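Colleague: For my numbering, count along the sequence shown from 1 and bump the result up by 1471. Don't be surprised by glycine CBs; every beta carbon is placed ideally from N, CA and C. All of these numbers come straight from a predicted model, not from anything done at the bench. To start, I am sharing the structure in question, which I have written as structure tokens.
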Amino acid sequence: MNKIHVSASTKEYDVIVGAGLDYGTLLKELHAPCKLMVVSDDTVFSLHGEKAIQSLRDAGFETKQFVFPHGEKSKNLQVAESLMIQMIEEGITKTDLLVALGGGVVGDLTGFAASVFLRGMDFVQLPTTLLAAVDSSVGGKTAVDLPNGKNMVGAFHQPIAVFCDTDKFKTLPKNIYAEGMAESIKYGLIYDAELFEQIKVHEISDADLVKRCVEIKAEVVAKDEFDKGPRHILNFGHTLGHAVETLSEYNIGHGQGVAVGMAVVCAALLSEEETETVLDVLKNNDLPVKTEFDLHELALQAKADKKRHGDLIRVVLPKTIGEVFLKDVTIEEWENIIRKGLESIR
Ligand code: GLY
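What follows is the structure in structure tokens.
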């Protein structure tokens, strides 16, 4: 079992990573018995819900549950409202806990509800996907989507703990596992060339991969919890990635979108040799490296980006494998970068 400590300015907490974690035992060490509202989606709950609930009950917690249809289309204000109405009906109070059992959608929506219900309550993340484990469950970004864009309404609200059971990854379909690989490759590209190399040669276990990615995320979040500057590097591949996701009406997954986003900016700015390496690593991990969406439409989507200020959007660009830089560009400049990248991938 590995423990990674996160020192955010608003909360200190641990991320526990291991195979076959007993959620109830871990939570009991941290929190007195209370009511838990366990939030999950139908897919995850049917696979892991019963065992998780039993473990939490055995540890002395009273559990209630809220299960919603899986997928990004559920990450909206209406589902968050239904959850909060049920919390009131079940008598959940501020001293109880919300528990997110699932992937990024479950974690983001549960964290959002925790940030606003009764003006804020504590929550725990139990990530069941590689993507949630390495990225969305850690760092306190919570949100729901609006019809106009992804994560448009949200808050920074850190969990009190993250318990990541890597056994849960065994039930992931190939495309969902690949989404987590996209975010993991991201950490290699932005911060750690050695990690990128380990991924390239398939020399890293799931547990070590999650540990290293969470260590990097914890370092970045400790520097800039509220995403004012240094944390922007975690957005590598995301500006174009979100555009691909949105234009596909969420039929293309977040990780696949991010993979395209990373491939395109690497192809636009890195040497031919490094670009080839990046594209190979993405493809070898079942990830796409290009998109058929209209170039202009892709660039325009950046207008909905949260890192836009005035006419400029902040994008994250690669310097070399393991290092990136931030640049403020106009939509036209952004379109030129995407064009250049897409042309050299063809
Ligand atoms: N997923 C990007 C961040 O947490 O800042």
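So who's on the other strand from Q1476, going by DSSP bridges?
Modeller: Residue numbering aside, residue 1476 sits at position 5 when the sequence shown is read from its first letter. The sequence as given places His at residue 1476; Gln does not occur at that position. Paired residues: D1485.
Colleague: So what's C1737 in DSSP terms, helix, strand or just coil?
Modeller: As a first step, residue 1737 is located in the sequence shown; it is residue number 266 there, counting from the start. Of the three classes helix, strand and coil, the one that applies to C1737 here is helix, per DSSP.
Colleague: Roughly how far, in whole angstroms, is the beta-carbon of A1571 from the beta-carbon of V1510, given that I think they are within contact range, below 8 Å?
Modeller: Along the sequence shown, one-based indexing puts residue 1571 at 100. Along the sequence shown, one-based indexing puts residue 1510 at 39. About 5 Å separates the two Cβ atoms, so the contact holds.
Colleague: Using CA atoms only, rank isn't needed, just tell me which of T1564, V1587, K1546, R1590 is closest to G1578.
Modeller: Here residue 1578 refers to the residue found at position 107 of the sequence shown. With distances taken between Cα atoms, G1578 lies closest to K1546.
Colleague: At a cut of 8 Å, does the segment 1801-1812 reach the segment 1715-1723 through at least three beta carbon pairs?
Modeller: With a cut-off of 8 Å, the segment 1715-1723 and the segment 1801-1812 do not count as touching, because too few Cβ pairs lie within range.
Colleague: Let me make sure I understand the geometry here. Which of I1475, L1527, L1617 has the alpha-carbon closest to that of K1506?
Modeller: Reading the sequence shown from its first residue, position 35 is the one you call residue 1506. Considering only alpha carbons, the answer is L1527.
Colleague: Within a Cβ cutoff of 6 Å, which residues of the same chain sit near C1737, ignoring the five residues on either side of it in sequence?
Modeller: Within the sequence shown, the letter at position 266 stands for residue 1737. Counting only Cβ-Cβ distances below 6 Å, and skipping sequence neighbours, we find T1746, V1749, P1789.
Colleague: With a floor of 3 residues, list each beta strand (DSSP E) that falls wholly inside the segment 1486-1550, ordered by position along the chain.
Modeller: As far as the segment 1486-1550 is concerned, its whole beta strand (DSSP E) runs of at least 3 residues are 1506-1512, 1533-1539.
Colleague: Quick one: Cα of I1627 to Cα of T1581, how far?
Modeller: As a working note, residue 1627 is residue 156 in the sequence shown. As a working note, residue 1581 is residue 110 in the sequence shown. Looking at the sequence provided, one finds Phe at residue 1627 rather than Ile. Distance between the alpha carbons of F1627 and T1581: 12 Å.
Colleague: Taking C-alpha atoms, which residue in G1659, V1633, V1576, Q1536 lies nearest to K1621?
Modeller: Taking the sequence shown and counting its residues from 1, one reaches residue 1621 at position 150. It is V1576 whose Cα lies nearest to the Cα of K1621.
Colleague: Pick out whichever of T1637, S1586, G1591 has its Cα sitting closest to the Cα of T1613.
Modeller: Here residue 1613 corresponds to residue number 142 of the sequence shown, with the count starting at 1. Closest by alpha carbon: S1586.
Colleague: Taking 7 Å as the cut-off, is the beta-carbon of D1698 closer than that to any non-hydrogen atom of the ligand GLY?
Modeller: As a position in the sequence shown, residue 1698 is number 227, starting the count at 1. Checking every heavy atom of the ligand GLY against the Cβ of D1698, one is found closer than 7 Å.
Colleague: Would the segment 1771-1778 and the segment 1750-1762 be scored as touching if the rule is three or more Cβ pairs under 8 Å?
Modeller: No, because fewer than three Cβ pairs between the segment 1771-1778 and the segment 1750-1762 fall closer than 8 Å, the two stretches do not touch.
Colleague: If you run the structure through DSSP and keep just helix, strand and coil, what is H1767?
Modeller: Taking the sequence shown and counting its residues from 1, one reaches residue 1767 at position 296. Of the three classes helix, strand and coil, the one that applies to H1767 here is helix, per DSSP.
Colleague: Hey, out of E1668, L1740, I1809, K1641, whose CA is closest to A1714's CA?
Modeller: Along the sequence shown, read from residue 1 onward, the residue named residue 1714 stands at position 243. Checking every option, the nearest Cα to that of A1714 belongs to I1809.
Colleague: Quick check: what's the CA-CA separation for G1781 versus G1573?
Modeller: Numbered from its first residue, the sequence shown carries residue 1781 at position 310. Numbered from its first residue, the sequence shown carries residue 1573 at position 102. Rounded to the nearest angstrom, the two C-alpha atoms are 36 Å apart.
Colleague: From Y1494, Q1727, I1792, pick the residue whose C-alpha is nearest to that of D1638; which is it?
Modeller: In the sequence shown, counting from the first residue as 1, residue 1638 sits at position 167. That would be Y1494, whose Cα lies nearest to the Cα of D1638.
Colleague: Is any heavy atom in the ligand GLY found nearer than 7 Å to the beta carbon of G1726?
Modeller: Start at 1 with the first residue of the sequence shown, and residue 1726 comes out as number 255. Checking the Cβ of G1726 against the ligand GLY gives no.
Colleague: Do A1479 and Q1629 have their CB atoms nearer than 8 Å?
Modeller: Position 8 of the sequence shown, counting from 1, holds the residue named residue 1479. Position 158 of the sequence shown, counting from 1, holds the residue named residue 1629. Going by C-beta atoms, A1479 is nearer than 8 Å to Q1629.
Colleague: Quick check: what's the CA-CA separation for I1661 versus E1768?
Modeller: Residue mapping note: residue 1661 aligns to position 190 of the sequence shown, counting from 1. Residue mapping note: residue 1768 aligns to position 297 of the sequence shown, counting from 1. So the two alpha carbons sit approximately 26 Å from each other.
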